[in-house]
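Heads up: the structure comes next, in structure tokens.
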Amino acid sequence: MYETGDYNFIYATLVCDSSYWSGGHEYGASMQPYKDYAVSKFNYAYYPTTYTDGGEYVFIGGYPQWGNYTVPIQNAGARAVPDMGFTVSMTWLGSASAEITVTITNNEYENYPPDVPSAPTGPAMGEVDNSYEFTCIGTDPNRQQVYYKWDWGDGEISDWQGPYDYGQEGAMSHAWTAPGQYYVSVMMKDIYDAEGGWSSTGFIDIWECGDTNDDNGINILDIVMLINYKYKEGEAPVPEKSGDVNNDGNVNILDIVALINFKYKDGDPPVCPSL
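If you want the numbering used here, it's the position in the sequence shown, counting the first as 1, plus 30.
Now the structure itself:
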């Protein structure tokens, strides 16, 4: 039996014995204990059922929802088997004798690496040391399970995450420890370790409380920006909450004083509202 191929989808299930009464009647007395046991121990349908698509995938259960079975069935039907070589030759040996030779060339499974996944999607902005989730989805020509690997743009690359079923969205969270603009990409491999390419990038801007001009540091320029914003119709902080350094819900003179104290008088570090 081959790993992949255009096999029939096969299932096997337990059946009732002659004590079952058809026509909508109740179970016979001898069948009731088995039915009760199966209901409590196995599944809702009280018949433990096994499905297989030719050896690559086995699904055990008796779930009442059809959706539990659609993906394995569709995957089984989508798999293709390369042509099989089958030849028969006969050589006449004389004296009413012949030699018949049958040659079968076994299927040679051709595996292809996964396609390049879509660019990761996630929040456009976040805060230092907070965790944010990115997602993506990719496909595999052989419709196999896949793994995802994430490059977070800060020098960290994740281990392989998975496996995920064919067509299933990949997701992972990450926290950045420094402010900055980061480009996130992802790649895939299949269950045979065939790797695809890196995706195009998603983007996240990680900000730090008090870094009002979003230049990846807290300094006198941030204090000047707050003063200009409040009293000279200057540009707003990016994001505006980065200027609410005392976390009172407003950007005002108290935030300017708090930022000066932090930078030059050993004051408390800024604490801003969450996004």
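Beta carbons are placed, not taken as given, at the ideal position from N, Cα and C, and that holds for glycine.
(1) Using a 10 Å radius around the Cβ and a threshold of 16 neighbouring Cβ atoms, would you call residue 249 buried or exposed?
(2) Thinking just about the alpha-carbon of each residue, which of 259, 237, 141, 253 is nearest to the one in residue 304?
(3) How would you label residue 227, buried or exposed, when you count the other beta carbons within 10 angstroms and need 16 or more for buried?
(4) Go through the stretch 223-275 residue by residue and report every complete run of the alpha helix (DSSP H) that reaches 4 residues or more, in order.
(5) Going straight from the alpha carbon of residue 262 to that of residue 255, what length do you get?
(6) How long is the line joining the alpha carbons of residue 275 and residue 281, rounded to whole angstroms?
(7) Using only the alpha-carbon positions, how far apart do residue 247 and residue 150 sit?
(8) What residues in its chain sit with their C-beta under 6 Å from that of residue 220, if we drop five residues either side in the sequence?
(9) Could you tell me the distance, in whole angstroms, from the CA atom of residue 205 to the CA atom of residue 134?
(10) By the three-class DSSP mapping on this structure, what secondary structure does residue 295 have?
(11) Please determine, among 122, 125, 146, the residue with the shortest C-alpha to C-alpha distance to residue 230.
(12) Using 10 angstroms around the beta-carbon of residue 47, count the other beta-carbons present and answer buried if the total reaches 16, otherwise exposed.
(13) With DSSP run on the structure shown, which of helix, strand or coil describes residue 201?
(14) For residue 208, tell me which candidate among 188, 194, 160, 179 has the shortest Cα-Cα distance.
(15) Rounded to whole angstroms, what's the CA-CA distance from residue 259 to residue 212? Just pull it up for me.
(16) Could you pull the start and end residues of the beta strand (DSSP E) that residue 308 belongs to?
(17) For the candidate residues 182, 132, 186, 222, whose alpha-carbon lies nearest to that of residue 214?
(18) Taking the alpha-carbon positions, what's the residue 289 to residue 244 distance?
(19) Expressed to the nearest angstrom, what Euclidean distance is found between the alpha-carbon atoms of residue 277 and residue 154?
(20) At the level of alpha carbons, what is the spacing between residue 216 and residue 117?
(21) Could you give the distance in angstroms between the alpha-carbon of residue 269 and the alpha-carbon of residue 299?
(22) With DSSP run on the structure shown, which of helix, strand or coil describes residue 220?
(23) I'd like the list of long-range same chain contacts for residue 121, defined as Cβ closer than 7 Å, with 5 residues on each side in sequence excluded.
(24) With burial defined as no fewer than 16 other Cβ atoms inside 10 Å of the residue's Cβ, what is the status of residue 125: buried or exposed?
(25) In the DSSP assignment, what are the bridge partners of residue 211?
Quick answer:
(1) The residue in question, residue 249, is exposed, as its Cβ has fewer than 16 Cβ neighbours within 10 Å.
(2) Among 259, 237, 141, 253, the Cα nearest to that of residue 304 is on 237.
(3) Its Cβ having fewer than 16 others within 10 Å, residue 227 is exposed.
(4) Segments of the alpha helix (DSSP H) lying fully in the stretch 223-275: 250-261.
(5) Taking the straight line from one Cα to the other gives about 10 Å.
(6) Straight-line Cα distance between these residues: approximately 8 Å.
(7) A straight-line Cα-Cα distance of about 27 Å links residue 247 and residue 150.
(8) A distance below 6 Å between beta-carbons, with the five flanking residues on each side excluded, links residue 220 to the following residues of its chain, in chain order: 144, 170, 174, 176.
(9) Distance between the alpha carbons of residue 205 and residue 134 is about 56 Å.
(10) Note: residue 295 maps to coil in three-state DSSP.
(11) Considering only alpha carbons, the answer is 146.
(12) Caution is warranted here: a pLDDT of 46 is assigned to residue 47, below 50, making its placement in the model unreliable, and the coordinate value is therefore given only provisionally. Residue burial is scored here from C-beta neighbours: residue 47 has fewer than 16 other C-beta atoms within 10 angstroms and is therefore classed as exposed.
(13) Residue state, collapsed to three classes: strand.
(14) Answer by Cα proximity: 160.
(15) Going by the C-alpha atoms only, they are around 27 Å apart.
(16) Residue 308 lies beyond the range of the chain shown here (31 to 305); nothing can be said about it.
(17) With distances taken between Cα atoms, residue 214 lies closest to 182.
(18) Annotation: residue 289 to residue 244 spans about 15 Å, alpha carbon to alpha carbon.
(19) Across the structure, residue 277 and residue 154 are spaced so that their CA atoms are roughly 22 Å apart.
(20) The C-alpha of residue 216 lies about 46 Å from the C-alpha of residue 117.
(21) Answer to the nearest angstrom: the Cα atoms are 18 Å apart.
(22) Strand.
(23) Cβ neighbours of residue 121 beyond the five flanking positions: 128, 129.
(24) Under this definition residue 125 is an exposed residue.
(25) DSSP links residue 211 through a beta bridge to 235.
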